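Chemist: Letter 66 of the sequence shown, counting from 1, is numbered 625 in our numbering, and no numbers are missing.
Supplied in structure tokens, the structure appears directly below.
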Amino acid sequence: MSDKNSETTNNTWQPDPAWDYYTLWHELIHAKAKIDQVLNRMKEIEDATDNTDDEIRENLEPVREILNKTNEILTN
Numbered sequence: 560m561s562d563k564n565s566e567t568t569n570n571t572w573q574p575d576p577a578w579d580y581y582t583l584w585h586e587l588i589h590a591k592a593k594i595d596q597v598l599n600r601m602k603e604i605e606d607a608t609d610n611t612d613d614e615i616r617e618n619l620e621p622v623r624e625i626l627n628k629t630n631e632i633l634t635n
């Protein structure tokens with residue numbers, strides 16, 4: 560993919576919509592944002608409990624769904 564058709568917005572690289580990996584890239588950026596949210600929350604937790612484990616598991620569920628979706632994109 561040529562960088563001449565992409566741009567940077569808010570210090571985030573924006574790919575050309577015609578790029579073959581455009582949809583996959585956006586899905587993975589979304590997953591990364593969710594993971595960053597979970598990691599930031601984990602930094603706030605002093606001791607692991609069943610409740611915090613459940614919270615982390617629940618917040619990671621969308622990441623699992625996104626990764627399953629990206630796998631489907633790659634296999635089609």
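Cβ atoms here follow ideal geometry from the backbone N, Cα and C, with glycine treated the same way.
Small disclaimer: the values here were computed from a predicted structure and weren't measured.
Between the Cα of GLN596 and the Cα atoms of ASP575, GLU605, PRO621, TYR581, which residue gives the shortest distance?
Modeler: Looking at the Cα atoms, PRO621 is the closest of the given residues.
Chemist: What are the boundary residues of the alpha helix (DSSP H) that TRP584 is part of?
Modeler: Its alpha helix (DSSP H) spans residues 581-603.
Chemist: Within 8 Å, do at least three Cβ pairs link the stretch 607-616 to the stretch 573-583?
Modeler: In short, these stretches do not touch, since the Cβ pair count stays below three.
Chemist: In the DSSP assignment, the beta strand (DSSP E) including THR571 goes from what residue to what residue?
Modeler: Its beta strand (DSSP E) spans residues 571-573.
Chemist: Within 10 angstroms of the Cβ of PRO576, are there 16 or more other Cβ atoms? Answer buried if so, exposed if not.
Modeler: It counts as exposed.
Chemist: By the three-class DSSP mapping on this structure, what secondary structure does THR611 have?
Modeler: In the structure shown, THR611 sits in a helix (DSSP, three-state: H, G or I).
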